[in-house]
Amino acid sequence: MKKWLKKIAIVLVVIFVGIQFIPTDVNHQEYIPKTDISYVYDVPGNVMNILQTSCYDCHSNNTNYPWYSKVQPMRFLMDGHIREGKEDLNFSEFGDYSQRKQNNKLDRISKQVKADEMPLPSYLLMHSNAKLSDDDKQKIIYWVETRLKQNE
Amino acid sequence: MKKINIKLMIAVIGVTLIMVSCGNNSKQNNEAHNQEKSMEHDLSSHDHEGSIESSDTSANTGEMNGDLASVLSNYFTLNESLAKDDASEAAKASAKLVTSLKGFKGSKLSDDEQKEVNDILETAIEHAEHISKNARDIGHQREHLISLSIDIKDLIAIIGTSQKLYEVFCPMANNNNGAIWISNEEAISNPYMGTKMPTCGKVQSVIN
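Protein chains in written order, with this note's numbering: chain A, 1326 to 1477; chain B, 233 to 440.
In structure tokens, the structure reads:
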């Protein structure tokens, strides 16, 4: 019985060590591209700070990786989230979106923030500083809705 | 014996972690560069997929700039499912709508119109994809229907249609901000409110 347990433990350790060598994505850009939302629109500094703290990890070309991102399988899950997040909305490439798509994304931002759908609860578990206070939410929603009216 | 083994395991894990994390740091810059490149590639292939270059079997009739019949028929099925509160049928109809939107091809369009059509198709496909992926969240599906319906309306305005269609407005949809949908019947069947309030809405214009 004990031998049996030991074998399982050894197999688990080998697997754990092995997966550390899986190649990972690195979402990192040295510069802020001209298509970043901060260049496309005149985003107030306090709103921009909120976006960078609470959204940019998954919705831009620059992720601020936490220490456990070095450990698999966490990194694997993280890479998937980032890939998906950027596909839906990438603030670094906002300027490449058509006007229709920009408006549509702004509308989605305001609705998702209002409904507490973003940032994702699973993300907030490990990133408590990314949690939006009521004041943060109001700032984002106010800016987005003003922007949308100007775009119309 | 047992204790030694555990210590050994911890040591192995520790060493591996250190190796991996150091390795990652030194490689980061190079990989970042490669990553950018591969991302560009990803994006362009994604765009291609969403573009309207793919083949289309529909024939162009009359003065219309393309045939929206398949797009509209799937869109109407989607609305009917939502009116019945059937999220899973709505998801299926929306998956078909994605296919017909991707296959749609306009004809005799000016450059400006073509660009507009491409923009509309891109966002419409995105909305339809979200609806098809949220078979368990009818609220989320209905949110995307708001924008999808505007895309469909704008698409009809450019392409034209042989069907008699109705633009219906419901002031209670979209959290009381109001929303429209396009229907092929004058009778109201509300996709936003569903069976709770099936006849809320008013025809605000007729599209010929």
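All residues carry an ideal CB built from backbone N, CA and C; glycine is no exception.
Since we're looking at a predicted model, the values are computed, not measured.
Minimum C-alpha distance to residue i - residue among the options
{"i": "B/Ile412", "options": "B/Gly371, B/Ser381 and B/Asp343", "result": "B/Ser381"}
{"i": "B/Thr309", "options": "B/Ile391, B/Ser379 and B/Ser364", "result": "B/Ser364"}
{"i": "A/Leu1450", "options": "A/Thr1349, A/Tyr1364, A/Val1336 and A/Ser1379", "result": "A/Ser1379"}
{"i": "A/His1488", "options": "A/Gln1397, A/Pro1369, A/Ile1344 and A/Lys1430", "result": "No information on residue 1488 of chain A is available, as it lies outside the stretch 1326 to 1477 that chain A covers here."}
{"i": "A/His1353", "options": "A/Gln1463, A/Arg1408 and A/Tyr1366", "result": "A/Arg1408"}
{"i": "B/Ala301", "options": "B/Ser313, B/Lys328, B/Glu321 and B/Ser320", "result": "B/Lys328"}
{"i": "B/Met404", "options": "B/Ser342, B/Lys428 and B/Leu397", "result": "B/Lys428"}
{"i": "B/Asn366", "options": "B/Ile391, B/Ala325 and B/Glu345", "result": "B/Ala325"}
{"i": "A/Asp1283", "options": "A/Met1373, A/Gln1424 and A/Ile1465", "result": "Missing from the structure shown is residue 1283 of chain A; chain A here goes from 1326 to 1477 and no further."}
{"i": "B/Asp318", "options": "B/Ser437, B/Phe336, B/Leu397 and B/Asn422", "result": "B/Asn422"}
{"i": "A/Pro1398", "options": "A/Val1372, A/Glu1355 and A/Pro1348", "result": "A/Pro1348"}
{"i": "B/Ala315", "options": "B/Ser437, B/Val438 and B/Tyr424", "result": "B/Tyr424"}
{"i": "B/Gln436", "options": "B/Pro430, B/Val400, B/Ser415 and B/Asn416", "result": "B/Val400"}
{"i": "A/Thr1360", "options": "A/Val1338, A/Gly1420 and A/His1452", "result": "A/Gly1420"}
{"i": "A/Asp1461", "options": "A/Ile1333, A/Tyr1364 and A/Gln1377", "result": "A/Gln1377"}
{"i": "A/Glu1470", "options": "A/His1406, A/Lys1332, A/Val1372 and A/Val1351", "result": "A/Val1372"}
Length of the line joining the Cα atoms of residue i and residue j
{"i": "A/Glu1418", "j": "B/Asn306", "result": "32 Å"}
{"i": "A/Lys1456", "j": "A/Pro1444", "result": "7 Å"}
{"i": "A/Lys1439", "j": "A/Lys1327", "result": "54 Å"}
{"i": "A/Asn1476", "j": "A/Asn1428", "result": "7 Å"}
{"i": "B/Ile357", "j": "A/Ile1335", "result": "49 Å"}
{"i": "B/Glu361", "j": "A/Asp1404", "result": "22 Å"}
{"i": "A/Trp1468", "j": "A/Pro1391", "result": "29 Å"}
{"i": "B/Asp383", "j": "B/Lys434", "result": "20 Å"}
{"i": "A/Thr1388", "j": "B/Asn440", "result": "50 Å"}
{"i": "B/Cys402", "j": "B/Ser379", "result": "14 Å"}
{"i": "A/Lys1426", "j": "A/Tyr1366", "result": "14 Å"}
{"i": "B/Cys432", "j": "B/Ile420", "result": "7 Å"}
{"i": "B/Gly392", "j": "B/Thr331", "result": "20 Å"}
{"i": "B/Ser339", "j": "B/Arg374", "result": "31 Å"}
{"i": "B/Ile352", "j": "B/Lys385", "result": "10 Å"}
{"i": "B/Asn409", "j": "A/Ile1344", "result": "50 Å"}
{"i": "A/Gln1437", "j": "A/Ile1375", "result": "15 Å"}
{"i": "B/Gly282", "j": "A/Ile1340", "result": "Confidence in B/Gly282 is poor, its pLDDT being 39 and thus under 50, which makes the residue's placement unreliable; the coordinate value appears in the next sentence. If you take the alpha carbons of B/Gly282 and A/Ile1340, they lie about 39 Å apart."}
{"i": "A/Pro1369", "j": "A/Asn1415", "result": "19 Å"}
{"i": "B/Asn406", "j": "A/Pro1358", "result": "35 Å"}
{"i": "A/Gly1410", "j": "A/Asn1386", "result": "11 Å"}
{"i": "A/Lys1474", "j": "A/Arg1433", "result": "14 Å"}
{"i": "A/Tyr1393", "j": "A/Asp1413", "result": "25 Å"}
Residue-chain proximity (residue i, chain B), Cβ-Cβ < 9 Å
{"i": "A/Gln1424", "result": "yes"}
{"i": "A/Lys1436", "result": "yes"}
{"i": "A/Asp1367", "result": "no"}
{"i": "A/Asn1476", "result": "no"}
{"i": "A/Asp1432", "result": "yes"}
{"i": "A/Asn1389", "result": "no"}
{"i": "A/Asn1374", "result": "no"}
{"i": "A/Asn1371", "result": "no"}
Chain A contact for residue i (CB, 9 Å cutoff)
{"i": "B/Ser276", "result": "Residue placement at B/Ser276 is poorly supported in this model, since its pLDDT is 41, which falls under 50; the coordinates are not used for a value here."}
{"i": "B/Ala264", "result": "Note on B/Ala264: pLDDT 41, under 50, position unreliable in the model; the coordinate value appears next. Output row for B/Ala264: interface = yes."}
{"i": "B/Asn306", "result": "no"}
{"i": "B/Asp192", "result": "This structure does not reach residue 192 of chain B, given that chain B is present from 233 up to 440, and the question cannot be answered."}
{"i": "B/Asp318", "result": "no"}
As assigned by DSSP and simplified to three states, the class of residue i
{"i": "B/Ala411", "result": "strand"}
{"i": "B/Lys434", "result": "strand"}
{"i": "B/Leu314", "result": "helix"}
{"i": "B/Tyr398", "result": "strand"}
{"i": "B/Ile439", "result": "strand"}
{"i": "A/Lys1456", "result": "coil"}
{"i": "B/Ala192", "result": "The structure shown does not extend to residue 192 of chain B, since chain B is modelled only from 233 to 440, so the question has no answer here."}
{"i": "B/Asp386", "result": "helix"}
{"i": "A/Asn1476", "result": "helix"}
{"i": "A/Phe1346", "result": "coil"}
{"i": "A/Asp1361", "result": "coil"}
{"i": "B/Ser342", "result": "coil"}
{"i": "A/Val1351", "result": "coil"}
{"i": "B/Phe336", "result": "coil"}
{"i": "B/Thr309", "result": "helix"}
{"i": "A/Tyr1467", "result": "helix"}
{"i": "A/Leu1330", "result": "helix"}
{"i": "A/Asp1441", "result": "coil"}
{"i": "B/Asn366", "result": "coil"}
{"i": "A/Asp1367", "result": "coil"}
{"i": "A/Val1372", "result": "helix"}
{"i": "A/Met1451", "result": "helix"}
{"i": "A/Ser1394", "result": "helix"}
{"i": "A/Asn1429", "result": "helix"}
Chain D within 9 Å of residue i, Cβ atoms only
{"i": "A/Asn1454", "result": "Protein chains in the displayed structure are A and B, and chain D is not among them."}
Residues, ordered as in the chain, of the segment 359 to 379 of chain B that lie near chain A by beta-carbon distance below 7 Å: Glu375 and Ser379
Short-range partners of chain A found in the segment 343 to 356 of chain B, where Cβ spacing is below 9 Å: Lys347, Glu348, Asn350, Asp351, Ile352, Glu354 and Thr355
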